[in-house]
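J.: 807 is the number of the first residue of the sequence shown in the numbering used here; add one for each residue after it. From the three backbone atoms N, C-alpha and C, an ideal C-beta is built for every residue, glycine too. As the structure is a computational prediction, the values presented were derived from the model and not from experiment.
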Amino acid sequence: MDKLIITGGNRLDGEIRISGAKNSALPILAATLLADGPVTICNLPHLHDITTMIELFGRMGVQPVVDERLNVEVDPRSISSLVAPYELVKTMRASILVLGPMVAHFGYAEVALPGGCAIGTRPVDLHIRGLEAMGAQIEVEAGYIKARAPEGGLRGGHIFFDTVTVTGTENILMAATLAKGRTVIENAAREPEVVDLAHCLIAMGANIKGHGTDTIVVEGVERLGAARHSVMPDRIETGTYLVAAAATRGRVKLKDTDESILEAVLLKLEEAGAQIDTGKNWISLDMKGNRPKAINLRTAPYPAFPTDMQAQFVAMNAVAEGTGTVIETVFENRFMHCQEMNRMGAQILVEGNTSIITGVERLKGAPVMATDLRASASLVIAGLVAEGDTLVDRIYHIDRGYECIEEKLQSLGAIIRRVPA
Ligand code: UD1
807 MDKLIITGGN RLDGEIRISG AKNSALPILA ATLLADGPVT ICNLPHLHDI TTMIELFGRM
867 GVQPVVDERL NVEVDPRSIS SLVAPYELVK TMRASILVLG PMVAHFGYAE VALPGGCAIG
927 TRPVDLHIRG LEAMGAQIEV EAGYIKARAP EGGLRGGHIF FDTVTVTGTE NILMAATLAK
987 GRTVIENAAR EPEVVDLAHC LIAMGANIKG HGTDTIVVEG VERLGAARHS VMPDRIETGT
1047 YLVAAAATRG RVKLKDTDES ILEAVLLKLE EAGAQIDTGK NWISLDMKGN RPKAINLRTA
1107 PYPAFPTDMQ AQFVAMNAVA EGTGTVIETV FENRFMHCQE MNRMGAQILV EGNTSIITGV
1167 ERLKGAPVMA TDLRASASLV IAGLVAEGDT LVDRIYHIDR GYECIEEKLQ SLGAIIRRVP
1227 A
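(1) If I'm right that L980 touches A836 with Cβ under 8 Å, what's the distance once you round it to whole angstroms?
(2) Just to check my reading of the structure: Q1153 and T1135 have Cβ atoms closer than 8 Å, yes? What is that Cβ distance to the nearest angstrom?
(3) Between the beta-carbon of I991 and the beta-carbon of T975, is there less than 8 Å?
(4) At least one CB of chain D closer than 8 Å to the CB of A1172: is that the case?
(5) Any heavy atom of the ligand UD1 inside 7 Å of the beta-carbon of F1137?
(6) Would a C-beta distance cut-off of 8 Å place A831 and I856 closer than the cut-off?
(7) How about the region 1084 to 1093 and the region 839 to 854: do they share at least three Cβ pairs that are nearer than 8 Å?
(8) With a threshold of 8 Å on Cβ separation, who are the neighbours of R883 within its own chain once the five nearest residues in sequence on each side are excluded?
(9) Look up H1017 in the DSSP assignment and give the residues it is bridged to.
(10) Closer than 7 Å to a non-hydrogen atom of the ligand UD1 - does that hold for the CB of A981?
(11) Between which two residues does the beta strand (DSSP E) carrying T1196 extend?
(12) Check whether the Cβ atoms of I1150 and G1171 lie closer than 8 Å to each other.
(13) Which ranges does the beta strand (DSSP E) cover as unbroken runs of at least 3 residues, wholly within the region 1055 to 1095, from first to last along the chain?
(14) Tell me which residues share the same chain as P956 and place their Cβ nearer than 6 Å to its Cβ, disregarding the 5 neighbours each side in the sequence.
(15) Let me check understanding here. Comparing Cα to Cα, which of R817, V904, D1114, T838 lies closest to G1045?
(16) Within the continuous beta strand (DSSP E) that includes R1149, where are the two ends?
(17) Taking its Cβ as the centre, do 16 or more other Cβ atoms sit within 10 Å of T989, making it buried, or is it exposed?
(18) At 4 residues or longer, and completely inside the region 815 to 875: list those alpha helix (DSSP H) runs for me, N to C.
(19) Would you kindly work out how many angstroms separate the C-alpha atoms of L1197 and Q1145, rounded to a whole number?
(20) Got a sec? Which residues, its chain only, sit under 6 Å from S886 by beta carbon, not counting five neighbours each side?
(21) From T1160, R1206, E945, pick the residue whose C-alpha is nearest to that of V917; which is it?
(22) From the DSSP output, in three-state form, read off G1130 for me.
(23) Output needed for G1207: all residues of its chain with C-beta closer than 7 Å, excluding positions within five of it in sequence on either side, in chain order.
(24) If you draw a straight line from the alpha carbon of D819 to that of K896, how long is it in whole angstroms?
(25) Cutting at 8 Å between CB atoms, please list the residues of its own chain near A1110, excluding the five before and the five after it.
(26) So R1041 packs on L1073, CB below 8 Å; how close in whole Å?
(27) Distance, Cα to Cα, A994 vs V1023?
(28) Taking the C-alpha atoms as reference points, what is the distance between L1007 and T983?
(29) With a cut-off of 8 Å, do at least 3 Cβ pairs link the region 1049 to 1068 to the region 1020 to 1035?
(30) How many angstroms separate the CA atom of N1013 from the CA atom of M859?
(31) L1185: which of L919, A915, N1148 sits nearest, CA to CA?
(32) With a threshold of 8 Å on Cβ separation, who are the neighbours of G1194 within its own chain once the five nearest residues in sequence on each side are excluded?
(33) Who does L810 pair with in a DSSP beta bridge?
(34) Considering just the uninterrupted stretch of the alpha helix (DSSP H) at E893, what are its terminal residues?
(35) May I ask whether a heavy atom of the ligand UD1 can be found less than 7 Å away from the beta carbon of T1113?
(36) So E1209 packs on S825, CB below 8 Å; how close in whole Å?
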């Protein structure tokens, strides 16, 4: 297993490009299964999770074609198997996103039930109930969700999510595009990735209103066709580099990104003492060499502060001036990084869903273990501000969601290298 070795102490300084959003690219790839023709997706990030989705398509008989500009064309008409096998689903929960499109377009789907994961139990009951409300017959048998559309296909339904679920909203939204009649999704996720997916579906011919609000209304259409869509910038990658620069008292300019999708994060960085400037497609942050101030935050669905940025802010608070409180309301067990940071000399107390972080002047490098994608990013940030070497183990988590992380950090002046297993 590859490891990262980071020699801390350098202030980040420089300019990098932000990649396409993983959490938008995955549902958009799944959405191509709804089409009756080729769909081309541009600005896909080069990430392990994307490769997994492409491999999953391969198993189903759909072979995406990558052109010289790394755009991916998917034509689902060659589909030969309606099964998403456990070996792939267990490595990536987002594989569940093929469920809605397959039942809607092909009338049947078998998707392995994703197991638990490092950040909590993460059930998929809301995805299942949503599809049932559209007439699907669903059985969970031998670890697989087996879903069958009724005679004549799915029909529109009224779906109320009692918890805001991002991939749940996306699954039902995709299924609804080909259902007969109108589907209303209430308490829908408002995340920008849901909006990006809706834009792609509309380009394919779907009739969707209300995306970006908590009520999405879909009028089913007969068929969806060929389209071309470019994936939005990754707001979590953007936020991660901004926090890394803030924690190291540095400055950074990020290109090909969008400040309008990061409001809650930018406000917290300003509170920490950062000067933020924005322009068309770029964001810059400058700490003017100052130590960040500790901040308090509470995660919640968009537009509130994203849970996927929580761990990185804990790392910044660990070296900030003062004490900050971080409350996690989306996932039940998302503070594993705190114990690892304490091994580096951080002072973090975790009680239930709250962590209280008292900033120290410097952390000390130590061997640490990544437990999930965003936790690994936070350990890299901790390594950047630690004295000496930090060795981050299990970085396959990082490769799932950060394109070329060591190259990007190196170009900002960090001392970081990958050690192959
Ligand atoms: C997505 C993101 C992930 C992010 C999360 C929350 C993708 C591929 N992943 O994950 O990076 O951290 O949103 O912003 O987009 N829940 C249920 N039943 C369900 C579904 C969800 O109880 O059927 C609960 C979950 O356990 C969790 C909460 O709802 O407590 C929110 O989870 P959800 O929004 O579904 O997360 P994902 O879509 O899996």
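T.: In this structure, then:
(1) Position 174 of the sequence shown, counting from 1, holds the residue named residue 980. Position 30 of the sequence shown, counting from 1, holds the residue named residue 836. Leu is not the amino acid found at residue 980; the sequence shown has Met there. The pair is a contact, with the Cβ atoms about 7 Å apart (cut-off 8 Å).
(2) Counting from 1 along the sequence shown, the entry for residue 1153 is found at position 347. Counting from 1 along the sequence shown, the entry for residue 1135 is found at position 329. Their Cβ separation, rounded to whole angstroms, is 23 Å, which puts Q1153 and T1135 out of contact at 8 Å.
(3) Taking the sequence shown and counting its residues from 1, one reaches residue 991 at position 185. Taking the sequence shown and counting its residues from 1, one reaches residue 975 at position 169. Cβ distance < 8 Å, so I991 and T975 count as in contact.
(4) No chain D appears in the structure shown, which is made up of a single protein chain.
(5) For the purposes of this step, residue 1137 is identified with residue 331 of the sequence shown, where counting begins at 1. Answer for F1137: yes, Cβ within range of the ligand UD1.
(6) Taking the sequence shown and counting its residues from 1, one reaches residue 831 at position 25. Taking the sequence shown and counting its residues from 1, one reaches residue 856 at position 50. Yes, the pair counts as a contact, with Cβ atoms nearer than the cut-off.
(7) no
(8) For the purposes of this step, residue 883 is taken as residue 77 along the sequence shown, with counting starting at 1. Contacts found: D842, G843.
(9) Indexing the sequence shown from 1 puts residue 1017 at position 211. Looking at the DSSP assignment, H1017 forms a beta bridge with T1019.
(10) Here residue 981 is taken as the residue at index 175 of the sequence shown, counted from 1. For the ligand UD1, not one heavy atom lies less than 7 Å from the Cβ of A981.
(11) Against the sequence shown, residue 1196 aligns to sequence position 390. Element bounds for T1196: 1195 to 1199.
(12) The sequence position of residue 1150 within the sequence shown is 344, counting from 1. The sequence position of residue 1171 within the sequence shown is 365, counting from 1. In the sequence as presented, Ile is not what sits at residue 1150; that position holds Met. Yes. Within cutoff.
(13) 1057 to 1061, 1081 to 1085, 1088 to 1092
(14) Numbered from its first residue, the sequence shown carries residue 956 at position 150. For P956, where only same-chain residues beyond five positions count, the Cβ hits under 6 Å are G941.
(15) As a working mapping, residue 1045 is identified with position 239 in the sequence shown. The shortest Cα separation from G1045 among R817, V904, D1114, T838 belongs to D1114.
(16) Against the sequence shown, residue 1149 aligns to sequence position 343. Premise fails: R1149 is in no beta strand (DSSP E) and is neither H nor E.
(17) For the purposes of this step, residue 989 is identified with residue 183 of the sequence shown, where counting begins at 1. Buried.
(18) 828 to 837, 854 to 865
(19) Indexing the sequence shown from 1 puts residue 1197 at position 391. Indexing the sequence shown from 1 puts residue 1145 at position 339. Each residue's alpha carbon lies about 15 Å from the other.
(20) Walking along the sequence shown from the start, residue 886 turns up at place 80. Cβ within range, chain order: G867.
(21) In the sequence shown, counting from the first residue as 1, residue 917 sits at position 111. Nearest C-alpha to V917: E945.
(22) Working through the sequence shown from its first residue, we reach residue 1130 at position 324. If DSSP states are grouped into helix, strand and coil, G1130 belongs with the strands.
(23) As a first step, residue 1207 must be located in the sequence shown, where it is residue number 401. K828, L853, D855, L1179.
(24) Looking up residue 819 in the sequence shown gives position 13. Looking up residue 896 in the sequence shown gives position 90. In a straight line, the C-alpha of D819 is about 38 Å away from that of K896.
(25) Counted from its first residue, the sequence shown places residue 1110 at position 304. Cβ neighbours of A1110 beyond the five flanking positions: A1070, R1104.
(26) What you label residue 1041 is simply residue 235 of the sequence shown in a count that begins at 1. What you label residue 1073 is simply residue 267 of the sequence shown in a count that begins at 1. Not confirmed; about 14 Å, so no contact.
(27) For this step, residue 994 is matched to residue 188 along the sequence shown. For this step, residue 1023 is matched to residue 217 along the sequence shown. One C-alpha to the other measures close to 10 Å.
(28) As a working note, residue 1007 is residue 201 in the sequence shown. As a working note, residue 983 is residue 177 in the sequence shown. Rounded to whole angstroms, L1007 to T983 spans 8 Å at the Cα level.
(29) no
(30) Numbered from 1 along the sequence shown, position 207 holds the residue referred to as residue 1013. Numbered from 1 along the sequence shown, position 53 holds the residue referred to as residue 859. Distance between the alpha carbons of N1013 and M859: 26 Å.
(31) Within the sequence shown, numbered from 1, the residue matching residue 1185 stands at position 379. When only C-alpha atoms are compared, the closest one is N1148.
(32) By one-based count along the sequence shown, residue 1194 stands at place 388. For G1194, where only same-chain residues beyond five positions count, the Cβ hits under 8 Å are T813, G814, K1170, G1171.
(33) Position 4 of the sequence shown holds residue 810. L810 is bridged to V1198, R1224.
(34) Your numbering for residue 893 matches position 87 in the sequence shown. That run of the alpha helix (DSSP H) goes 892 to 895.
(35) Here residue 1113 corresponds to residue number 307 of the sequence shown, with the count starting at 1. At least one heavy atom of the ligand UD1 is nearer than 7 Å to the Cβ of T1113, so yes.
(36) The residue you call residue 1209 lines up with position 403 of the sequence shown. The residue you call residue 825 lines up with position 19 of the sequence shown. That belief holds up - the Cβ atoms of E1209 and S825 are roughly 4 Å apart, short of 8 Å.
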